[in-house]
Structures are given as C-alpha cells and as structure tokens.
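Accompanying notes for the structure given below.
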Amino acid sequence: MPSFSRSLEGSLHRALALANEREHEYATLDHLLLSLADDPDAATAMRAASVDLDTLRQNLSTYIDHDLENLVRHESDDAKPTAGFQRVIQRAVIKVQSSGREQVSGADLFHSIYAERESHAAQFLREQDISVAERPAVAPTDFALAPPPADWPQWRRDELKANSRNPKVGTALVSKTDRVRVWLLTLAPGARLPFHRHVLDYFWTATAPGKAVSHCGDGRVAEITYALGDTRHLTFGPGESMIHDLENTGATELSFVTVEFLDSANQPLPIE
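Heads up: the sequence shown runs through residues 11 to 282, numbered per the working numbering.
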C-alpha cells in the first residue's frame, strides 16, 4: 500500500484543523483543497494547470466561512472527513498503486478532487476556465500498462497487451455527440467483451439482470451480480484509467447501456 508524503500528511492534518478552527462537524473537500493550496506538490500541479492560487484561496475561504455555517457543531467532537473527502484519498491511493509508485503526494489529491465533478471544490477550479488542454490531462499514448499477473494464461496476457488502448467499452457504439458517446453492451451466456480501457468519466445501467466476471489489468478478479436498473457512475482524474474484460457467467443475456462524457479530465481514446 502506498504511503503518504510528509507534506501530504501535513496537508491532511491542516484540512482537519481548518474545520476544527471553525467548529465544523465535517471536514469537506473545500477544507482539503484550501489546505492543498499550501502543499508544495499540489501547488506545483495547480500552477501547471493555470490555477490562480490566490484567487482559489480567497474563493474557498469566503465559501467556507459564509456558506458552511450549517456545519457548525454543538458538541466538542473533532471534525470528521466527509465521504467525498475519503473518496478522493482512496482514488488517489488506487491511482498511485496501479502506476507502481510508492508514495501519494498532494498533486495526486488535487487531480482526484478535480474528478469530483459535482463538488463545490471542483467547481472553484472549473471557474478559473481550466481547459482540458491547460490542465494536466493525459494523452492516450501516455497510459502505462502494468505487467500482467504471472499466473494468467498466455492468451489473456497477449490480449491485455494488444488491447491496451482499446476504447470499445461496449459491443456497439449507438450514438456520439460532441459531449457523449453512448454504447450498448450485449453478451450471450459464456460470451465475453475483450479487454478495453476506460479513460473517460462514465455511467452504466444494467438493462437486464445477470452475472459476470471481470479480470482487471492489475490482477484483480471481480465476480459481479447485476439487478435490472443497477447503475454506477465512475470518474477518472488526469492520468487515471481502468482496463478490464467482462465475461457473462449467467444463464441469460447480459445487457448494459454505457454513457461516456467527452469533457472528462483525459482525452478520449480514438475509435478506429
């Protein structure tokens, strides 16, 4: 498991202190981003993304002091991190671990916060007109592929390598606009979707119940049971991605609709 850099440890403590100083019950992403503005690694990444740190500090401080008054607690307990606060840390740890690095920095958390598209913290970043080209977005050719697990059969190892930039996250692309790509996935019992890489924010909805197994590029194997209407939303910060396959292990057809958002933190992989 990757460790936190010393400066990031200080930034996390500082974020909690910012909430405690204001007697807030929860430490939010806003407290965290304000703290990261003074983290050397995060600040460097923000400047590279054309973030005006002084403006960011001012906007966050004003918001925290005037719009989060409802978080003032009436008991003496310390502030607790919100689910979003914990989620960006978990996402950053997973990204660092999958890339083979051993330490999580403030820059990783900055990228992870940006992926929290619905948060006020990410909104303050977007208000500075950070475009995909300006922020540290990663081009398709830059995605690294970790060595496949040694116990995989050779055909699976070969497919993983051959499909390292495969953007086909469904069996059919049914619609495309300047904002989204809509895919349909249908798999008969025993059929599988080859390895494909997700780099764009997306959500999927199961249009039929079913069962499947998925092999991920980092060696994880997930057995999944779907109910009709199950929906998941996944986001990826700059440089983040996920590569996996999907095999229908149920007795009925597996069916999904997947919607990818083209205005995500990463450039879309080209569909050839």
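Cβ coordinates follow ideal geometry from the N, Cα and C atoms, glycine included.
Keep in mind that this is a model prediction, so the values were computed, not measured.
Counting only the same chain and skipping the five closest in sequence on each side, list residues whose C-beta sits under 7 angstroms from that of residue i.
i    : result
G200 : N258
S274 : L210, D211 and F246
S17  : D49, P50, D51 and G116
For residue i, which of helix, strand or coil comes out of DSSP?
i    : result
V61  : coil
L283 : In the structure as shown, the chain starts at 11 and stops at 282, and residue 283 therefore has no counterpart that could be examined.
A47  : coil
A29  : helix
A198 : coil
K178 : coil
A37  : strand
S15  : coil
L183 : strand
R207 : strand
W214 : strand
Near residue i, what residues of its chain come up, given a Cβ to Cβ distance below 8 angstroms and the 5 sequence neighbours on each side ignored?
i    : result
D88  : L26 and N30
S15  : D51, Q113, V114, S115 and G116
R242 : F213 and W214
T54  : A117
E126 : L39, G94, R97, V98, A132 and T245
V231 : V223, S224 and H225
Taking the CB atoms as reference points, tell me whether residue i and residue j lie closer together than 8 angstroms.
i    : j    : result
S71  : L43  : no
R191 : L183 : yes
L264 : L210 : no
A37  : P91  : yes
H206 : F246 : no
I253 : G229 : no
D240 : A218 : no
H34  : L78  : yes
L66  : A93  : no
D188 : L272 : yes
I74  : H23  : no
K105 : G249 : yes
Only counting the same chain, and skipping five residues up and downstream in sequence, which positions put a Cβ closer than 6 angstroms to that of residue i?
i    : result
W193 : V179, G180, L183 and T268
E233 : V223
S21  : S45, L46, D49 and G116
V142 : Confidence is the limiting factor: at V142 the pLDDT is only 34, short of 50, which leaves the residue's position unreliable, though a coordinate-based value still follows. For V142, where only same-chain residues beyond five positions count, there are no Cβ hits under 6 angstroms.
Assuming residue i contacts residue j (C-beta within less than 8 angstroms), just tell me the rounded distance between them.
i    : j    : result
L39  : F120 : 11 angstroms between Cβ atoms; not a contact.
R175 : L279 : 6 angstroms
Counting only runs that start and end within the stretch 216–264, where is the beta strand (DSSP E) found for 3 or more residues in a row?
220–225, 231–236, 241–244 and 252–258
Every unbroken alpha helix (DSSP H) within the stretch 81–128, with a cutoff of 4 residues, ordered by chain:
93–108 and 116–124
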